[in-house]
Every structure is written in C-alpha cells, then in structure tokens.
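Student: There's a structure below that I have some questions on.
2 protein chains.
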Amino acid sequence: MKRSGKSLERPRAKALKRREFLTTAVTATAVTAVAASSFPKPSLSQGLKKWRMQTTWPKNFPGLGTGANKLGEFITKASDGRLTVEVYGAKEIVPAFETMDAVSSGTLEMGHGAPYYWKGKVPASQFIASIPFGLNVGEQNSWLQFGGGQELADKVYRKLGCKFFASGNTGVQMGGWFNKDINTLEDYKGLKMRIPGLGGEVVKAAGGIVVNLPGGEIPPALASGAIDATEWVGPYNDLAFGLYKSAKKYYYPGWHEPATLLDNFINLEAWEGLSGDLKAIVQTANAYANSYVLNEYIANNNAALETLVKKHGVQVKKFPDEVLIGLGALSGQVIGDLASKDALSSEVLKSIVKFRTGSIAFAKVSEQAFYNARVLPFDWVSL
Amino acid sequence: MKRSGKSLERPRAKALKRREFLTTAVTATAVTAVAASSFPKPSLSQGLKKWRMQTTWPKNFPGLGTGANKLGEFITKASDGRLTVEVYGAKEIVPAFETMDAVSSGTLEMGHGAPYYWKGKVPASQFIASIPFGLNVGEQNSWLQFGGGQELADKVYRKLGCKFFASGNTGVQMGGWFNKDINTLEDYKGLKMRIPGLGGEVVKAAGGIVVNLPGGEIPPALASGAIDATEWVGPYNDLAFGLYKSAKKYYYPGWHEPATLLDNFINLEAWEGLSGDLKAIVQTANAYANSYVLNEYIANNNAALETLVKKHGVQVKKFPDEVLIGLGALSGQVIGDLASKDALSSEVLKSIVKFRTGSIAFAKVSEQAFYNARVLPFDWVSL
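Now the structure itself:
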C-alpha cells in the first residue's frame, strides 16, 4: 500500500450528481488535497490497523452518510479494534470527488460514495450504480451475488486500484420536482431540468435542456423559473432540502434511478493485506450497511411523503404512461449507445440486461403482483 | 447456559408448514431427542467457543438451508474460530421442530427456522413470520430495524429464552398449485387445499377444506383428486419438488406469504455471554444471511419459472381481482381475531399495521409504480 507523501492528482472537474451541493454544504474542517498528504499516518503497532474512510457525503448525511457510519462502527466493533475504521465526511481529508484518487493511491484505505461518480475514470462504473428502467434494489443485490455482478464490479474497481462492495441503496428515487406539467413526451422539449447522469442523457434525447447547478442554487433557480424542474433523491432527503418551497408538483416514479447503489471502495493492496477474518468482517459489515441504508429510506420516506403532502401541500403526480413509454424507449437507445463505446461497459450492461429479462418475468408474478393486489379495495385489519 | 443431561421436553405434534416433508425427507444421521442430551459437549478451552446450530430444514436445502450454512460459515470465519458454529440439518441432533426446545434449554446454542413454527409456544411469533396481505420483504426489514420490530421480536423470543435475528427471507411466495380454476371467491367453497398457518385460516374462512399432508403424499393426493390444491414456496423450490407433475395451474400472487422471514434464535444465556465483538459478528453475519437467502430466491426463481412454463407446460394464472378482494377482507378479519386473543400478538400486529399504512402510501409512488412502468410496451436495450 503506497503511503508516500506525493501530492494527489487532481482530476478535472466533472459534472457529477450532488457534487456541487456537497462541496458547498460542507464547510467544517475542510482541508486541501495537498495538506492531506501530510496528515499523520495510522499507527500499525501490535498488529492493530487503523484505517481512514472518507465519504463523498457530508458527515452524518441522512441515509447516505449513516450507512458509512454503520460500516465503520461495525468493522471496528466486530474486529474488537484490530481494524479500526475512522469515518471522515466529504472534504475532511480531500475534496469529496477526490476520494477515489486518495483511496487508489493509498492515502486513504477506504471510501464511500456512488459508482457513477467515477464514470470519468472508468465509464463502466455508471452502469453499476443504477440504470433508467433497469433493476430494482432486490434484483440488483441478487445480480451482484448470483448473477456475476460482484465479479464484474470487482473488475471495474480493479481498474481504480480498489476492491468493491455494495454498501447502501436508496431504492427507487422520485421523478423530481416540476413547475410545469408533464402530459406528453413533447412537454420535455425545451424543459430546463437539473438531472445528472444517465437520466440526464435521456432527458436530453427527449429535447430537454439539461443544466447542472450547485445544490444551494437549485431552490432560487426553481422559484425564478431559471429552471423548470430538478430531481434529487426521495421524500426523506427532499423534505430536509426544502425543495417543496420552490416547486409543488412532485412526479413519480423515479424511472431514471430505480435503485441507486452506494459503493464502499477499498485500496486493493490494503484489502489484500487483510487476514481472512478481517476480510469476512468487512464483507458482512458491508452487507449490514447495505440493508441498513435501504431500511432507513423505506422507514423515513413514508413519513416524509405524508409531511410533504399534508403539511406542505405538495401535489404527488404520476408520469402518464405515454411519457413513461417514450422515456423507456429513449433510455434503451441512450444506454445502449453509451455502453457500446467500450468493452467493459458492454460486458456489464449485457449481464444486467440478461438478468433483468428474467427478473421482469418473475416480478410480474411476485412482488409486482403482490403490490397491486394489496391496494385493491378491501378493508384489512382494523385494531 | 444450562448444559444438564435432562431429557428435552417433547412438545405435542403441531401441524406446521413443511413439517411432514422435512421429517420424511431427512433420513441421514437422525437421532432421537433423548440421545441428543448425551452428545459430547463443546470444548471451551482457551476462550474458544464451539456452538452447534440445528436448522429446521434438511442440510443444504436450497434457499432455506444455504442461508444457515452462510451464517455459520461467516461467524466462524469472521471470528477466526473464536466462535465456531457447526451447522446441523433437521433431525441430526433433535427432531426438526424440537430445535426451539433444544435451544431454549441450552442443549444447542443456535437454531434456524421460521417464526410461525413456534406459534404453539408463543402465538405472537406467527405475526413476525409473514402476514396475508401484510409487509413485503423490504418493508419487513425496515420495520425490524426502524419500526420497532426488532424490539418486539426480541420480546417474543425472550419468552422462548432466545435472542432473535432475521436470517433469510423467501420474498413473495407463489399462490399455489391448483387442479381447479379459481374464478370467484365461491370457488373456494369445498376446495380441498393443503395450506398451513394464517393463509390456511383465511382459506377456511372462505369455505375451503384445509388439510395437512406429509410432503411426500402431496403429489399423489393432487394427482388422484384427494386434494385440489397445495401451496409450497416459489418456482425455485417447487420445481425441485416436482409439483408440476401433479397440477398444471400455478396461481399468483402468494397473498398469504408476502415475505416469509427465517429466524436465527440463540440461547439467551449463550448470547449474553458473548463479548461485544462476537455479538457484532453474529449480528452482521445474520444481515449477510438475510440478504443472501433473498438474493438466492430472486436469482433462481427467474430461471425456475421459465423451466416450469417452457419445459413442463405449466399455466401461470393470476387470481382474479374479485378473489383477491375477498381474500383480503377475510384476511383482515381472521388476523385481527387471532391477534386479539393475547396482548403480545396485539402489540406486534398493531405495530405492523401502522408501518404498513405508511409503506403502502410510499410503495404506490416508488417500487409499485416502477414495477408497473417497467413493463409498459417499449423496447429497452438491445445488445
């Protein structure tokens, strides 16, 4: 594991989801990447390892950051301190989106973020995060464990000098906040929307004008009409961010991010230097964090949605089927084109497409059918 | 932790799901409960603990048994053998459904089964397993972690002298195998069906004749018309069991078991005797097993369903909405009546009902809406 004092490479700025919000929202204890290289090095006395994990999220950020905290906490607890993981928020050691460089180079041992943040380095990573109209969270986890996904993700992350673990998931996100109605696909023509990543490419293909704005500038831009719409995450995070103050039409479903996966990436040399028991601890702690984050979103999205509707008068609106059909077809074209540009992206996407075909067939007779059955008009338990 | 040689109490026979199948299917290394008490005791030298876990499933049973194997494997690996968990299949130490008695009394430290197996001892346990038209798997996990479910489950299992962990889930099961069409709720009148638990109570309320049969007798009974229908699990297990040979109508969704949870129960004294690091290891290994089992079902149900339809000519049929509405209303009455009989059942059910109300509201705009959007008529990625 490299621990040399050489300064980190600074990757060129990239328009990455939530990047601007994160870098503006976090002000405490910010240090530069150059300063990071002179941080005190972890002590390695008596076989005790001290690792540092930086998140791309502000410290303790609901859902996204709490999973990282749990990961660090459980590795430390389960190893009885033989592997202590100290958790740092975005910018506490290096800028948020230089976390990967810091882990690749061994300045940090661990990072926590989302795979699409690294698409500028390895394009295939964006297909691991979440794909418009792709796998949902249960299917994505199953693809990773039984569909060859873990092996493919490890192949992608090896190019970054890292070991990969799935370490949290938002579940299906919301479609976004709109000040204009979306009745037909035509309504996307000229629509100014803040929507990054693959979803943004699809909106562009539909004739939308995709813009990127720092998080803090989104509410005034929505209020003034400088933008017509923005997506964010889901009720839990969106309520806290106050987006209901600038737009009242809250569309669903989040076709563009059906299961956004959070990644735990570990410097490969640091990972390979772990004993078998510590590897097992890191693996199971990630399984814990992976479900913990999703559980937190499910539990809190419920209450937040109710608050948005009942307290803040938000109108929850469904994208018309006609619009979803149009976006679905455009998604297929856009994603296929993007993946065809490099062999690894193609390999990952092919594997997902294959798994998705079977998943859809089974979901129709299981989860999907159950969801639809449960909301039929009958009185269930009254207590 | 009691390790005395007193013979285990033998609970009276109960009609429990899959019981007969399991006890007939497993023949190897069966020993009696009395013999179990004279098994060699684990060595406790040098702070190393050796625990024995028996499952209620045959050793290595797909999905159900593999999760238990992973649990034992990861606890042993992550603790570097400081806590070794040896996994025994049903009947290897005690009969399958005496596993709880053996764990309660300290003959075994751990068991792996399903909560409704213990309803004869503590009725509230059946509400933790899965409830007709209740929570799906994501919601159930979220209820456990953030909705007060873990605390309630621990309260239920303390009555059994055990610590509780969720340790696997089948996801939504299938509605079952039928030789008669179900077009209206009237079609349940006189229908002879093998369906245990809460689902069986609902079918009874609909006028059905609920029978229990040893697993091996189900296929001939279906073929001869002695029974008209049976439920089992889902395509993965049902294909292996060969039910398609005796019935061709495969109904969905499995309204009666939307998310059947597997339990890991640990002798309370043994649990409390663990150091903090070993407790964390057991907790995270259960999180790993919990998602592993579900992942295995999702991945394998897909392919099994295809085989059933394409190779074996199975007709996959949806229960008509009218039938689901009738079963939903009956479920509400039956479950409410059962829970009202004791305070702890009421407490558990009230907590689930509250969580479910919020979950349904959010599912409508997230998972449910996404599932429905994904199957609209559009061409997605072609590679």
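So the sequence lines, in the order shown, correspond to chains U and Z.
Quick note on numbering: the first sequence equals residues 1426 to 1808 in my numbering.
Quick note on numbering: the second sequence equals residues 1426 to 1808 in my numbering.
Here a beta-carbon is modelled for each residue, glycine too, at the ideal position from N, C-alpha and C.
What residues from chain Z crowd round U:S1776, counting only those whose CB sits closer than 7 Å?
Tutor: As a working note, residue 1776 of chain U is residue 351 in the first sequence. Those within 7 Å of U:S1776 in chain Z number zero; the least Cβ separation is about 10 Å.
Student: Quick one: is Z:P1483 buried, meaning 16 or more other Cβ sit within 10 Å of its Cβ, or exposed?
Tutor: Position 58 of the second sequence, counted from the start, is the residue given in the question as residue 1483 of chain Z. Per the 10 Å Cβ criterion, buried.
Student: Alpha helix (DSSP H) containing U:F1603: first to last residue?
Tutor: Locating residue 1603 of chain U in the first sequence gives position 178, counting from the first residue. It is not in any alpha helix (DSSP H) - U:F1603 instead sits in the beta strand (DSSP E) that spans G1601 to F1603.
Student: Check U:T1685 in the structure and name its three-state DSSP category.
Tutor: If you number the first sequence from 1, residue 1685 of chain U lands on position 260. Coil.
Student: Leaving aside the five residues before and after U:S1756 along the sequence, list all residues of the same chain whose C-beta is less than 7 Å from its C-beta, in chain order.
Tutor: For this step, residue 1756 of chain U is matched to residue 331 along the first sequence. P1557, F1558 and V1627.
Student: With a cut-off of 8 Å on the beta carbons, I'd call U:A1714 and U:K1495 a contact; round off their distance for me.
Tutor: Here residue 1714 of chain U refers to the residue found at position 289 of the first sequence. Here residue 1495 of chain U refers to the residue found at position 70 of the first sequence. So it is a contact: roughly 5 Å between Cβ atoms.
Student: Which same chain residues, not among the five before or five after U:E1721, have their C-beta less than 7 Å away from its C-beta?
Tutor: The sequence position of residue 1721 of chain U within the first sequence is 296, counting from 1. Excluding residues within five positions, the ones whose Cβ falls inside 7 Å are G1488 and T1491.
Student: Is the Cβ of U:L1769 closer than 7 Å to any Cβ of chain Z?
Tutor: For this step, residue 1769 of chain U is matched to residue 344 along the first sequence. False, the Cβ-Cβ gap to chain Z never drops below 7 Å.
Student: According to DSSP, is U:F1589 part of a helix, a strand, or is it coil?
Tutor: Numbered from its first residue, the first sequence carries residue 1589 of chain U at position 164. Looking at U:F1589 - three-state DSSP - the assignment turns out to be strand.
Student: Of all the CB atoms in chain U, is at least one closer than 7 Å to the CB of Z:F1589?
Tutor: Counting from one through the second sequence, the residue named residue 1589 of chain Z turns up at place 164. False, the Cβ-Cβ gap to chain U never drops below 7 Å.
Student: Please determine, among Z:L1647, Z:T1481 and Z:W1543, the residue with the shortest C-alpha to C-alpha distance to Z:G1514.
Tutor: Taking the second sequence and counting its residues from 1, one reaches residue 1514 of chain Z at position 89. When only C-alpha atoms are compared, the closest one is Z:T1481.
Student: Given a cut-off of 7 Å on the beta-carbon distance, is the pair Z:S1671 and Z:A1705 in contact?
Tutor: Looking up residue 1671 of chain Z in the second sequence gives position 246. Looking up residue 1705 of chain Z in the second sequence gives position 280. Cβ atoms of Z:S1671 and Z:A1705: not closer than 7 Å.
Student: Just confirm the distance between the C-beta atoms of Z:A1539 and Z:T1685, as a whole number of angstroms; I'd bet it's less than 8 Å.
Tutor: In the second sequence, the residue the question calls residue 1539 of chain Z occupies position 114. In the second sequence, the residue the question calls residue 1685 of chain Z occupies position 260. Their Cβ separation, rounded to whole angstroms, is 6 Å, which keeps Z:A1539 and Z:T1685 in contact under 8 Å.
Student: From the beta carbon of Z:Q1575, is the nearest beta carbon of chain U less than 7 Å away?
Tutor: For this step, residue 1575 of chain Z is matched to residue 150 along the second sequence. No, its Cβ sits nowhere closer than 7 Å to a Cβ of chain U.
Student: Expressed to the nearest angstrom, what Euclidean distance is found between the alpha-carbon atoms of Z:T1454 and Z:W1696?
Tutor: On the second sequence, residue 1454 of chain Z is found 29 positions in, with the first residue counted as 1. On the second sequence, residue 1696 of chain Z is found 271 positions in, with the first residue counted as 1. In this prediction, Z:T1454 scores a pLDDT of 33, lower than 50, which makes its location untrustworthy; the coordinate-derived value is nonetheless stated afterwards. Answer to the nearest angstrom: the Cα atoms are 28 Å apart.
Student: Quick check on the burial criterion: 16 or more other C-beta atoms within 10 angstroms. Buried or exposed for U:G1625?
Tutor: Locating residue 1625 of chain U in the first sequence gives position 200, where the first residue counts as 1. U:G1625 comes out buried.
Student: Where do the N-terminal and C-terminal ends of the beta strand (DSSP E) with U:T1480 fall, by residue?
Tutor: For the purposes of this step, residue 1480 of chain U is taken as the residue at position 55 of the first sequence. Element bounds for U:T1480: K1474 to T1480.
Student: For the alpha helix (DSSP H) that Z:Y1796 lies in, which residues bound it at each end?
Tutor: For this step, residue 1796 of chain Z is matched to residue 371 along the second sequence. Where Z:Y1796 is concerned, the enclosing alpha helix (DSSP H) stretches over E1792 to R1799.
Student: Looking only at its chain, what residues have a beta carbon closer than 7 Å to the beta carbon of Z:Q1664, apart from the 5 residues adjacent to it on each side?
Tutor: In the second sequence, counting from the first residue as 1, residue 1664 of chain Z sits at position 239. Sequence check: residue 1664 of chain Z is Leu here, not Gln. Here the set comprises A1729, T1732 and L1733.
Student: Cα-Cα, which of Z:V1800, Z:A1503, Z:W1805 and Z:S1776 is closest to Z:L1560?
Tutor: If you number the second sequence from 1, residue 1560 of chain Z lands on position 135. Out of Z:V1800, Z:A1503, Z:W1805 and Z:S1776, Z:S1776 has the C-alpha closest to the C-alpha of Z:L1560.
Student: Can you list, in chain order, the residues of its chain whose CB lies under 8 Å from that of U:T1782, leaving out five sequence neighbours each side?
Tutor: Your numbering for residue 1782 of chain U matches position 357 in the first sequence. Result list for U:T1782: empty, nothing under 8 Å.
Student: How about Z:K1502: is its C-beta nearer than 7 Å to some C-beta of chain U?
Tutor: In the second sequence, counting from the first residue as 1, residue 1502 of chain Z sits at position 77. Yes, because at least one Cβ of chain U sits closer than 7 Å to the Cβ of Z:K1502.
Student: Quick one: is U:R1583 near chain Z, going by C-beta distance under 7 Å?
Tutor: Within the first sequence, numbered from 1, the residue matching residue 1583 of chain U stands at position 158. False, the Cβ-Cβ gap to chain Z never drops below 7 Å.
Student: Are the stretch 1793 to 1803 of chain Z and the stretch 1538 to 1555 of chain U in contact at 8 Å, needing three or more beta carbon pairs?
Tutor: With a cut-off of 8 Å, the stretch 1538 to 1555 of chain U and the stretch 1793 to 1803 of chain Z do not count as touching, because too few Cβ pairs lie within range.
Student: Who does U:S1551 pair with in a DSSP beta bridge?
Tutor: Position 126 of the first sequence, counting from 1, holds the residue named residue 1551 of chain U. Sequence inspection shows Gln at residue 1551 of chain U; the Ser mentioned does not correspond to that position. BP columns for U:Q1551 are empty, so no partner.
Student: Could you spell out the range, first to last residue, of the alpha helix (DSSP H) harbouring Z:L1623?
Tutor: Counted from its first residue, the second sequence places residue 1623 of chain Z at position 198. Start and end: G1622 to A1630.
Student: Which runs of the alpha helix (DSSP H) fall wholly inside the stretch 1652 to 1697 of chain U and span at least 4 residues, in chain order?
Tutor: For the stretch 1652 to 1697 of chain U, whole alpha helix (DSSP H) runs of length 4 or above, ordered along the chain, are 1660 to 1666 and 1693 to 1697.
Student: Mapping the DSSP letters down to three states, classify Z:V1510 as helix, strand or coil.
Tutor: Start at 1 with the first residue of the second sequence, and residue 1510 of chain Z comes out as number 85. Of the three classes helix, strand and coil, the one that applies to Z:V1510 here is strand, per DSSP.
Student: Flag U:A1794 as yes if its beta-carbon sits less than 7 Å from any beta-carbon of chain B, otherwise no.
Tutor: Here chain B cannot be found, since the structure's protein chains are U and Z.
Student: Starting from U:K1789, find everything on chain Z with Cβ-Cβ shorter than 7 Å and list it in chain order.
Tutor: Looking up residue 1789 of chain U in the first sequence gives position 364. By Cβ distance, chain Z contributes V1800.
Student: What's the C-alpha gap between U:E1498 and U:V1510?
Tutor: Against the first sequence, residue 1498 of chain U aligns to sequence position 73. Against the first sequence, residue 1510 of chain U aligns to sequence position 85. The alpha-carbon atoms of U:E1498 and U:V1510 are separated by roughly 7 Å.
Student: Measuring alpha carbon to alpha carbon, tell me which residue in Z:S1504, Z:N1485, Z:F1486 and Z:R1477 is nearest Z:S1700.
Tutor: One-based indexing of the second sequence puts residue 1700 of chain Z at position 275. For the residues Z:S1504, Z:N1485, Z:F1486 and Z:R1477, the minimum Cα distance to Z:S1700 belongs to Z:S1504.
Student: Can you pull the chain Z neighbours of U:A1705, defined as C-beta to C-beta under 8 Å?
Tutor: For the purposes of this step, residue 1705 of chain U is taken as the residue at position 280 of the first sequence. F1499, K1502 and A1503, listed in chain order.
Student: Touching or not, the stretch 1732 to 1746 of chain Z and the stretch 1539 to 1548 of chain U, by the rule of three or more beta carbon pairs under 8 Å?
Tutor: Too few Cβ pairs lie closer than 8 Å, so no.
Student: May I ask you to list the residues that DSSP assigns as paired with Z:N1485?
Tutor: Numbered from 1 along the second sequence, position 60 holds the residue referred to as residue 1485 of chain Z. None; Z:N1485 has no bridge partner.
Student: Examine chain U for any beta-carbon lying closer than 7 Å to the beta-carbon of Z:Y1541, and answer yes or no.
Tutor: Sequence index remark: in the second sequence, residue 1541 of chain Z carries index 116 (1-based). Not one chain U Cβ lies under 7 Å of Z:Y1541.
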